[in-house]
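Here the structure comes first, spelled out in structure tokens, and everything after it is commentary.
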Amino acid sequence: METYPNGFAFAISHTTRKPRPGEVDGQNYWFVTEEKFKQMIKDNEFLEYATFGGNMYGTSKKALEDASKVGCICILDVELQGVRSIRKCGLDAKYILIRAPSLEILEQRLRARKTETEESLKKRMKHAEDDLNAVDAEPGLFDFVIINDDFERAYNDFIKAIEEELAEFMPHRGVVKAEVAH
1 METYPNGFAF
11 AISHTTRKPR
21 PGEVDGQNYW
31 FVTEEKFKQM
41 IKDNEFLEYA
51 TFGGNMYGTS
61 KKALEDASKV
71 GCICILDVEL
81 QGVRSIRKCG
91 LDAKYILIRA
101 PSLEILEQRL
111 RARKTETEES
121 LKKRMKHAED
131 DLNAVDAEPG
141 LFDFVIINDD
151 FERAYNDFIK
161 AIEEELAEFM
171 PHRGVVKAEV
181 AH
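The sequence shown lines up with residues 1 to 182 when you count with this note's numbering.
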């Protein structure tokens, strides 16, 4: 998001999965044990949490507070179950689904990353199919749905979806243009 270098902050999620090559604790995720994660659930430290692919993922309330403290638009990257949980708690947010153009393209992208075993890939694809069916069955769940078939177009659609928030958080930048320079 180089157009808005100080405009966004990510709430770093916790997970029980092992780090992938190149991932850094506290930067990509907070990598914790299952025991620690379950204790955080008991202590009501999560805004939302879910199990995906045999691992637990969650956004702690502290992560949201930390991201919000820097005066930026806070971005949460959560699963469908997390969206439902956050909506129930009444967080004033825009809910944006960024999805692959098709399940076939999603599978190609996951294979290209070379981070999945055949078994985990099958589970992820089944989960993705179930999620897309659920999204179709719950039309008001997301405020915006962006098809990620072209990075530049998807980025422009994202900026359009949040331009009011950008203007509010960064009024000194003037009019927000929802286009990327070519």
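No residue lacks a Cβ here, since even glycine has one placed at the ideal position from N, Cα and C.
query: At a cut of 8 Å, does the region 111-118 reach the region 142-160 through at least three beta carbon pairs?
result: no
- prompt: Would you report the Cα separation of Ile183 and Asn55, rounded to the nearest angstrom?
  reply: With the chain covering only 1 through 182, there is no way to say anything about residue 183.
message: So, with DSSP's three-state summary, where would you put Glu79?
response: coil
- prompt: What number of angstroms, rounded off, separates the C-alpha of Arg17 from the C-alpha of Trp30?
  reply: 10 Å
query: Does the separation of the CB atoms of Met40 and Gly58 fall below 9 Å?
result: yes
task: Using DSSP bridges, identify the partner residues of His14.
output: Trp30, Gly58
task: Return the chain-ordered ranges of every alpha helix (DSSP H) run that is complete within the region 93-166 and spans a minimum of 4 residues.
output: 103-113, 118-137
Contact under 9 Å by Cβ, Ile96 with Phe151: no
field: Ser60 and His14 closer than 9 Å at C-beta
entry: yes
- request: Could you please give me the residues that DSSP links to Ala185 through a beta bridge?
  value: The structure shown does not extend to residue 185, since the chain is modelled only from 1 through 182, so no value can be given for it.
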